[in-house]
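Below is one structure; the comments refer to it alone.
Chains as they are written, first to last, in full-length UniProt numbering: chain V, 1 to 378; chain A, 1 to 378.
In structure tokens form, the structure reads like this:
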């Protein structure tokens, strides 16, 4: 399976969600605008190649001189493109670093919504798993393909960027196409039922892409999006000791089919007014209610989250949870208010702790001969 | 795909290596022998079920009372057995803890070779990624299946065991069947070419299983094996800057086909005497030479390693490498001397740092109605 790297929008957003993720955030270690542009140019060429199943460089892992390092690291020899998509984003600190310095002459083009996300209740952020000047999302059906992509981009960036943090995800939790069935998160529930599907073209336009003219200061971002990344640790050991009924009440859906507690099937619209024995059948603090567009000014997100397990925690359990990724047209309308509501009222929050957080502006698609983000530097 | 859980030997050793790994080491938090036996009995029942694609418990994730916690966590609903194998091992501290205490009345049955591995050069061990009273290796073709297995065993063990460390592996690096092609490690080289294959029945008997009578104190281990686990960090960023020729010299094989530098194809026996321009074609410090049975009293290992990437390291690179697993009849003859030779002389060692280490005795297969390790407690 191959997906086109170039187009009106970057791949890896509305692309049917692949099974595996390697996500990396980078710090730019140079102050040179030219070096930054050279990096983006080199990354574009390598990403274009790797998404076609080719080595990262023109010489390849084994075809060059034995006296030189190969321009591909070789662990993907013999593997095909694996449905690889590589999606690039720019963090707020690319425009103005933590000291307010405009290293690359970009400050006057910073998108208005591209700021460090505010502190939310339940945020216990690890700065070593948060933020970043640049991000790269590699999704593929083979984890070795996704890892190979990030690893080679890091190799190419040696001396210009350093990996700030990186996250592997082993199981997608969202569908971005109506052709996909809904997978389960580590709470054991179907996740992403109400996600925007690429087939919902009007909603994709409205809720995912940045419209031309939406941001006078950053019209370069038109056709792009915002990427919200949140590393959400789940207290799975505590969750597992809750009764089935409580788990379903927290979510507002059945664990079995994913149908709303008001009845029907997975894709039946929840009836938030249906009365139960005490209050509505779908509780006031149920997750499905609080994040529903009806209670959030109609806002929808396109989510591409992945489950993760990163070893163990000091409590003798697994360091596990959901690496949440959402693409939205504007985090000020499509993420921050919803996250605030959720953090304050959602019954599920008792079982969550957010340990990583980042926001990136995702430039539009890359045309023939262009490098990623070219409209920002033009 | 389903593999039988019960048999003469535990599954997950000679089973054709699956693509994904979740490995966990546990500390036993009780001093009660009865509770330990109850845990192993409950683990056996759950593992037997999960390897057949069934939920961990008889009720299942959604079929029980809404007033009780489910006896399966649910994230594997709708997934099949996924070729799952679950393999159990006992660490030295199960027999005698770090204070020398015999908590479970097992000290006089401790296998003679089951000791904390000696310190090797290049070992920079993190105690939080090393050792353990018990281990569970879950291998499957779907990572969600492997994670589900470990997570449910940890859930069942709540109050009796705590996860000490856990490791995900995303790409196998070894073949244990002649029907499998050889995958690549993160140095970009084929790994496991010379591995013992399950079809080599004589070598499996000789090098993998503990023979009856081999250890008078621990005859309960006959038909079992020893599991060596080593978390080997690769300095991939430094490796990637070495020339192709140097990389091949370090390994002693070509990067392309995996053939020995003395010629032929991947499975051609290396000619260690073939002269090159300076010394033998396969250098004195080449990895393939130093670990070859010809230079190690004929010892072979059955390896089941996996690649890993666990986020980033403080140097701005990836925390990546090889989670080495080997099954051997006796670590004193089949691992420790080879590891010492390698650590002292292998050119590849400059690019490795061992951050985790553990040794476990793997009890024999589980007969009908038995629990894992029953011969130890009988």
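Where is the CB? At the ideal position from N, CA and C, for every residue including glycine.
Under 8 Å, CB to CB, which of the residues in the stretch 261-293 of chain A have a partner in chain V? Result list empty, no residue passes.
Would you check if the stretch 204-212 of chain A and the stretch 313-320 of chain A touch, i.e. whether three or more CB-CB distances between them fall below 8 Å? Using a Cβ-Cβ distance cut-off of 8 Å, the stretch 313-320 of chain A and the stretch 204-212 of chain A are not in contact, since fewer than three pairs of beta carbons, one from each stretch, lie closer than that value.
Residue 234 of chain A - DSSP class collapsed to helix/strand/coil: Strand at residue 234 of chain A.
With residue 220 of chain A as the anchor, note down where its beta strand (DSSP E) starts and where it stops. Residue 220 of chain A -> no beta strand (DSSP E), and no H or E assigned at all.
Can you give, in chain order, each stretch of the beta strand (DSSP E) that sits fully within the stretch 152-218 of chain V and has at least 3 residues? Within the stretch 152-218 of chain V, the runs of beta strand (DSSP E) that reach at least 3 residues and sit entirely inside it are, in chain order, 161-169.
Give the list of continuous beta strand (DSSP E) stretches no shorter than 3 residues that lie fully inside the stretch 244-319 of chain V. List check, beta strand (DSSP E) in window: 306-312.
Take every Cβ of the stretch 244-257 of chain V, pair it with every Cβ of the stretch 179-194 of chain V, and state whether three or more of those distances are shorter than 8 Å. The stretch 244-257 of chain V is in contact with the stretch 179-194 of chain V.
Here's a check: name, in chain order, each residue in its chain whose Cβ is nearer than 6 Å to the Cβ of residue 125 of chain V, leaving out the five neighbours to either side. Only 357 meet the Cβ criterion.
Can you name, in chain order, every residue of its own chain whose Cβ lies under 6 Å from the Cβ of residue 174 of chain A, other than the five neighbours on each side? Cβ within range, chain order: 17, 192, 195, 303, 304 and 305.
Could you tell me whether the Cβ of residue 167 of chain A comes closer than 8 Å to any Cβ of chain V? Yes, residue 167 of chain A counts as interfacial toward chain V.
Alpha carbon to alpha carbon, how far is residue 203 of chain A from residue 270 of chain A? Give it in angstroms, no decimals. A straight-line Cα-Cα distance of about 19 Å links residue 270 of chain A and residue 203 of chain A.
Would you please state the rounded distance, in angstroms, between the beta carbons of residue 278 of chain A and residue 266 of chain A? I believe it to be under 8 Å. Actually they are not in contact, since the Cβ atoms of residue 278 of chain A and residue 266 of chain A sit about 26 Å apart, beyond 8 Å.
Do we get a CB-CB distance below 8 Å when we pair residue 22 of chain V with the residues of chain A? Closer than 8 Å: yes.
Taking Cβ positions, are residue 150 of chain A and residue 136 of chain A nearer each other than 8 Å? It is a contact, given that the beta carbons lie within the stated cut-off.
According to the Cβ coordinates, are residue 110 of chain A and residue 218 of chain A closer than 8 Å? For the pair residue 110 of chain A and residue 218 of chain A, the CB atoms are nearer than the 8 Å cut-off.
Assign residue 23 of chain V to one of two classes, buried (16 or more other C-beta atoms within 10 Å of its C-beta) or exposed (fewer than that). With 16 or more other Cβ atoms within 10 Å, it is buried.
With a threshold of 8 Å between beta carbons, is residue 103 of chain A in contact with chain V? Answer no: the Cβ-Cβ gap between residue 103 of chain A and chain V never drops below 8 Å.
Just the chain V side, please: which residues come within less than 7 Å of residue 186 of chain A by C-beta, in chain order? Identification of chain V residues near residue 186 of chain A by a Cβ-Cβ cut-off of 7 Å yields 75, ordered along the chain.
Identify whether residue 23 of chain V lies in helix, strand or coil by the three-state DSSP scheme. DSSP places residue 23 of chain V within a strand segment (E or B) once states are collapsed to three.
Extent of the continuous alpha helix (DSSP H) run through residue 95 of chain A: Residues 92-95.
For the ligand HEM, is there any heavy atom lying closer than 7 Å to the beta carbon of residue 93 of chain V? Absence of the ligand HEM from the depicted structure is noted, as is the absence of any ligand whatsoever, leaving it without description.
Does any C-beta atom of chain V lie closer than 8 Å to the C-beta of residue 18 of chain A? Residue-level contact check: residue 18 of chain A does not touch chain V, since none of the beta carbons of chain V fall below 8 Å from its beta carbon.
Does the Cβ-Cβ distance between residue 335 of chain V and residue 231 of chain V come in under 8 Å? With contacts defined by Cβ atoms closer than 8 Å, residue 335 of chain V and residue 231 of chain V do not form a contacting pair.
With a threshold of 6 Å on Cβ separation, who are the neighbours of residue 168 of chain A within its own chain once the five nearest residues in sequence on each side are excluded? The answer, listed in chain order, is 22.
Three-state secondary structure (DSSP) of residue 130 of chain A: In the three-state reduction of the DSSP assignment, residue 130 of chain A falls in the coil class, being assigned neither a helical nor a strand state.
Contacts of residue 164 of chain A in chain V (Cβ-Cβ under 9 Å): Within chain V, 312 and 316 have C-beta atoms less than 9 Å from the C-beta of residue 164 of chain A, given in sequence order.
Going by C-alpha to C-alpha distance, which of A/103, A/61 and A/70 sits closest to residue 29 of chain A? The residue with the shortest Cα to Cα distance from residue 29 of chain A is A/103.
Residue 198 of chain A vs residue 182 of chain A beta-carbon contact at 8 Å: In this structure, residue 198 of chain A sits away from residue 182 of chain A, with a CB-CB distance that is not shorter than 8 Å.
For residue 6 of chain V and residue 366 of chain V, I'd like the C-alpha separation in whole angstroms. Cα to Cα, the separation comes out at about 5 Å.
Report the three-state DSSP secondary structure of residue 112 of chain V (helix, strand or coil). Here residue 112 of chain V sits in coil by DSSP.
Thinking C-beta only, is residue 138 of chain A closer than 8 Å to residue 84 of chain A? Yes, these two residues count as a Cβ contact at 8 Å.
Just mark residue 9 of chain A as buried or exposed, buried being the case when its beta carbon has 16 or more other beta carbons within 10 Å. Buried: at least 16 other Cβ atoms inside 10 Å.
Alpha-carbon to alpha-carbon, residue 364 of chain A and residue 105 of chain A: Going by the C-alpha atoms only, they are around 20 Å apart.
What separation, rounded to the nearest whole angstrom, lies between the Cα atoms of residue 227 of chain A and residue 292 of chain V? Looking at the two C-alpha atoms, the distance is approximately 50 Å.
Would you please verify whether the beta carbon of residue 240 of chain V is less than 8 Å from any beta carbon of chain A? Interface residue, yes.
Note down, in chain order, every chain A residue with its Cβ under 8 Å from the Cβ of residue 62 of chain V. Within chain A, the residues near residue 62 of chain V are 244, 254, 255 and 256.
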